[in-house]
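Reviewing the structure listed below.
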Amino acid sequence: MFSLSRPLLASRLATTTSRTGINARRIGHVPRMRYLPHRQCRMMSTPPPQVNASDLPMERYHTLSDTTMDFLLESLETLIDDLGNPAYEVEYHSGVLTLVLGDKGTYVINKQPPNKQIWLSSPFSGPKRYDYSEADDNWLYSRDGRAMGDLLNNELSQALGQDVDVGLSGPASQLS
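First residue of the sequence shown: 15, per this note's numbering; consecutive thereafter.
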């Protein structure tokens, strides 16, 4: 059976300050609640993560992402071989592609099947999450609309001091 003292006890505990352990209601101070419209109550210093629910069927996601990762691997292997620097290497295991550029940093590009995304971690621009856009036939970053291939081309060109084109455009057109 419920007693009336439980809700009162719970409300007293809610007004106890953790620092002093003093019950504010016992000393005559009752904190006032101030209600603000929802748009004024934002307590976060950074925007919440943007989650895009993809309509892409899982089988199509795997086909497109595997094609993209395989093409990217071939392109980067060719680039690394042409450069001939022993500090540079590229490898691909279990959906994770790693591009090591010696003292310039390491790129990690991996599939994220639960989100139907490809995630890219860059030593220059940080982490990004790419969603496939059927309209553009490309992997796009939702915050700025930029294609993954464009970002890689620009950053690798700057890092290596020469024009680089990984040829990453239109994964659907690369399907054979």
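Beta carbons: idealized from backbone N, C-alpha and C, even for Gly.
Out of curiosity, what's the CA-to-CA distance linking residue i and residue j?
i    : j    : result
V122 : V180 : 15 Å
A24  : N129 : Bear in mind that a pLDDT of 44 at A24, under 50, signals an unreliable position, so the model cannot answer this.
T82  : L182 : 7 Å
D84  : L70  : 20 Å
E105 : D95  : 13 Å
S68  : D145 : 8 Å
P137 : E73  : 31 Å
S89  : G175 : 17 Å
S156 : S147 : 10 Å
D177 : L93  : 11 Å
A149 : D117 : 38 Å
Q7   : L78  : Outside the shown range of the chain, which is 15 to 190, sits residue 7, and nothing can be said about it.
G163 : L97  : 20 Å
Nearest to residue i by alpha carbon, out of the options?
i    : options                   : result
L115 : Y144, D158, R143 and P100 : P100
S135 : L113, E148, A149 and D151 : L113
G140 : G119, S108, M72 and N152  : G119
H107 : L97, D164, L87 and G98    : L87
P127 : G109, D117 and W153       : G109
N152 : E91, E169, Q131 and S171  : Q131
L80  : D164, N124 and G163       : Contrary to the premise, residue 80 reads as Asp rather than Leu in this sequence. For the residues D164, N124 and G163, the minimum Cα distance to D80 belongs to N124.
Using DSSP's beta-bridge definition, name the partner residues of residue i.
i    : result
E103 : V114
R143 : W133
N124 : V110 and W133
A161 : L154
Near residue i, which residues of its chain fall below 8 Å by C-beta distance, leaving aside the five closest residues on each side in sequence?
i    : result
G159 : none
Y75  : S68, P127, K130 and Y146
E169 : S136, F138 and S139
Closer than 6 Å by C-beta to residue i: which residues in its own chain qualify, once you throw out the five before and the five after it? Chain order, please.
i    : result
K142 : L134 and Y155
E91  : V104
Which residues in the same chain as residue i place their Cβ atom closer than 7 Å to its Cβ, once the five residues preceding and following it in sequence are excluded?
i    : result
N192 : Examination of residue 192 is not possible in this model, given that the chain is present from 15 through 190 alone.
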